[in-house]
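I have placed the structure first, in the form of structure tokens, so that the comments after it can refer back to it.
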Amino acid sequence: MMNSPLMPIIIPFAFAILLMFAPKQLRFQRAGALVGAILTVAASIWLLQKVYIDGIQVVTFGSWPVPYGITMVSDMVSILFVLTSSIITLFTIWYSFRTIGIAREQFFYYPGVLLMLVGVNGAFTTGDIFNLFVFFEVLLMASYLLSVLGGEKIQFRESIKYILVNVVSSALFVITVAMLYSVVGTLNMADIAQKVSDVNQPGILTAIAILFLVVFGLKAAIFPLFFWLPSSYSGPPIPVLALFGALLTKVGVYAITRTFTLFFTGDVAFTHTVLLYLSVATIVAGCIGALAVWDVKKIIIYNIIIAVGVILYGVATYNDTGLRGSMFYVVHDMLIKAALFFLVGIIVYITGQTNLKKMGGLMKRYPSLGWLYLIAAFSLAGIPPLSGFIGKMLLVKGGFEAEQFASGIWILLSSLIVLLSVIRIFVYAFWGKEQQLSPIKKTVYWQIWIPTAILVLLTVAYGVGADALMPYMTQAAEVLANPQLYIDAVKGGK
Amino acid sequence: METLMILLIGVLVSVATYLVLSRNVIRVILGTAVLSHAVHLLILTIGEVKKGEAPLLGNQTADGPYTDALPQALILTAIVISFAVTAFVLVLAFRAYKTNGTDDLEKLRGDEHD
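Note that the protein sequences, when read in sequence, are chains E and H.
Add 76 to the 1-based position in the first sequence for the working numbering, that's all there is to it.
Reminder that position 13 of the second sequence reads as 5 in the working numbering, one-by-one numbering, no gaps.
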């Protein structure tokens, strides 16, 4: 079918609209959201196979010729992002049933989640730069709703800042698109990629590249632009936080990856060196934050920043190995961040607080949770059979191939700090003297334990089955390394 | 003409930056509104402000070149988006004022790291 790239966008959109008709019907809301997410995952898997076998899938709306209509492009990079986001949304919906609270569920929570998935999948799939802006706004609008839904004091306080930062960065995005339009005179990404080499104005294009880096860096929380993230992510409840942490920053990462491998390949010596330094600085900043805080939520939040730096490092080294490593790492990181937030959510549910210093001795009463957390922590740090290993190994190898030895070694060292920061939660919360716990409902505990365990098992399978996934990642890296493949697919080889 | 427009946009952006950096929530929101005006004007300017007919094909008397229609469509999209976001932020500021009892951003700081 020709419209296959649209399925992961249309399905959640249709279900979101459907769910808006009866916000108070709990069963309808839950079932509808779950079915919508499952169908989206199924459509994404189908599309993944289609892209893998038939190559890049392209749809231009209204059958307009290519640079004039809006094009949707599913190549291996975007479909991997889409599939991972859909899986995480599915698990988040499942996890939300017992954690988000009925008041929120009855006030358009599930439509909000599905609309955010629409925006995220759309941003990953679009082949038009202004359409990317629109999909950014779709997902941001939904994220504003989710971040403030419930109306607690801290949510109001933090979402004001979150929204203001995003309003300013959206304005910058439009400015940047306007400038790019004035230089190349087109909005279609494949067409832009072709024309940037023709216009031969390296100075202004480098300036636009840096502007894009600022815009998407604000979304992705790279080094000097990450200041908004730790506090605004500590506002919303855990399932929303898992969704934000796993998806939102990765949209920025995807946009940087796309623009810096498709458009701005003319002056790699400057742009990608800037990206390299910024990614290393991002890792440093994240590491300092992750070690400094004693709040379990914030430790994982700072780990998001570290991961963003690690992924962008692969883009900055800009060789086949590094790009493959980035693709491996980003899928792993989205899955494991969601799993870690779920686990932290369970810990917070049991202990009733987020302060690590006041926890202790959970291992005695919740051994299965402890082991699950340990697996997830090792996976995040990249201990060999688990999912974080292969991506980071390729990234470091790519760094060495690009003769960036110091930064490659720093990536390795940062793994130790990541391990230290998450193991600290294990040591303080699960070992030590048992603390007085307020009684919790055992059924609720198990109901949120099951999706978490399945997600952790999924990451383990991802790590163990890395060999089977290698052809997909190779294909993705190939598209990133040869923008001509993308251009030819969109423009029909012209 | 473009130079004049760019100067105006520069002034608007400076005003917006100044307002966004102030302490009062309403002034900050006004700043974002001014910023969005500047951005929309910039898209218009960047499509070149040449003399041309309004892009309406039904206009029988016109036969000269038309102005670029694409930036106008982009602006229209950007306007509704920023309108929606501004409406949301205004209501949010109102609710935050009622809940937190202040519109001073300095007082809306979070707790320090423990």
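Glycine residues also receive a C-beta, built at the ideal position from the N, C-alpha and C atoms.
| Query | Result |
| --- | --- |
| Please report how far the alpha carbon of F292 of chain E lies from the alpha carbon of L388 of chain E, in whole angstroms. | 12 Å |
| Does T91 of chain H come within less than 8 Å of chain E when only Cβ atoms are used? | yes |
| Taking C-beta pairs closer than 7 Å, name the residues in chain C that R441 of chain E reaches, listed in chain order. | In the structure shown, chain C does not exist; the protein chains are E and H. |
| So, is D409 of chain E buried or exposed, given that buried needs 16 or more other C-beta atoms within 10 angstroms? | buried |
| Looking at the secondary structure, which residues open and close the beta strand (DSSP E) in which T136 of chain E lies? | 133 to 136 |
| Please state whether DSSP places T202 of chain E in a helix, a strand or coil. | strand |
| Which ranges does the alpha helix (DSSP H) cover as unbroken runs of at least 4 residues, wholly within the stretch 176 to 243 of chain E, from first to last along the chain? | 178 to 181, 185 to 201, 205 to 224 |
| Helix, strand or coil: which one does DSSP assign to S14 of chain H? | coil |
| If I'm right that Q231 of chain E touches S219 of chain E with Cβ under 8 Å, what's the distance once you round it to whole angstroms? | Rounded, the Cβ-Cβ distance is 12 Å, inconsistent with contact. |
| So, does the CB of E479 of chain E fall closer than 8 Å to a CB anywhere in chain H? | no |
| Using a beta-carbon distance below 8 Å, is F183 of chain E in contact with chain H? | no |
| Output, in sequence order along the chain, the residues in the stretch 249 to 273 of chain E whose CB is closer than 7 Å to any CB in chain H. | V250, I251, A254, M255, Y257, S258 |
| Establish whether the CB of A247 of chain E and some CB of chain H are separated by less than 8 Å. | yes |
| When DSSP builds the beta bridges, which residues end up paired with Y58 of chain H? | H:E45 |
| Helix, strand or coil for L68 of chain H per DSSP? | helix |
| For S514 of chain E, which three-state DSSP category applies? | coil |
| Along chain E, in chain order, which residues have C-beta atoms closer than 7 Å to that of S172 of chain H? | Because chain H spans -7 through 106 in this model, residue 172 of chain H falls outside it and cannot be assessed. |
| With distance defined between alpha-carbon atoms, name the residue in E:A482, E:M148, E:M546, E:P141 nearest to I86 of chain E. | E:M148 |
| Mind checking the stretch 282 to 314 of chain E against chain H and listing, in chain order, the residues whose C-beta falls within less than 7 Å of any C-beta there? | S307 |
| Whole angstroms are fine: how far does the CA of S161 of chain E sit from the CA of G198 of chain E? | 11 Å |
| Any beta-carbon of chain H closer than 8 Å to the one on F232 of chain E? | yes |
| Counting only C-beta atoms, is L240 of chain E closer than 8 Å to chain H at any point? | yes |
| Check whether the Cβ of K373 of chain E lies closer than 8 Å to any Cβ atom in chain H. | no |
| Which complete alpha helix (DSSP H) runs does the stretch 513 to 542 of chain E hold, if anything under 4 residues is left out? | 518 to 540 |
| If you pair each beta-carbon of the stretch 514 to 528 of chain E with each one of the stretch 172 to 181 of chain E, do three or more pairs fall below 8 Å? | yes |
| Touching or not, the stretch 349 to 367 of chain E and the stretch 482 to 494 of chain E, by the rule of three or more beta carbon pairs under 8 Å? | yes |
| Check the DSSP bridge columns for M148 of chain E and list the partner residues they point to. | E:V135, E:T202 |
| So, does the CB of E554 of chain E fall closer than 8 Å to a CB anywhere in chain H? | no |
| DSSP on D95 of chain H, reduced to helix/strand/coil? | coil |
| Would you give the residue range spanned by the alpha helix (DSSP H) that A113 of chain E belongs to? | 102 to 130 |
| The alpha helix (DSSP H) spanning V372 of chain E covers which residue range? | 372 to 393 |
| Considering only residues of the same chain and omitting the five flanking positions on each side of G484 of chain E, which have a CB-CB separation below 6 Å? | V472, G475, F476 |
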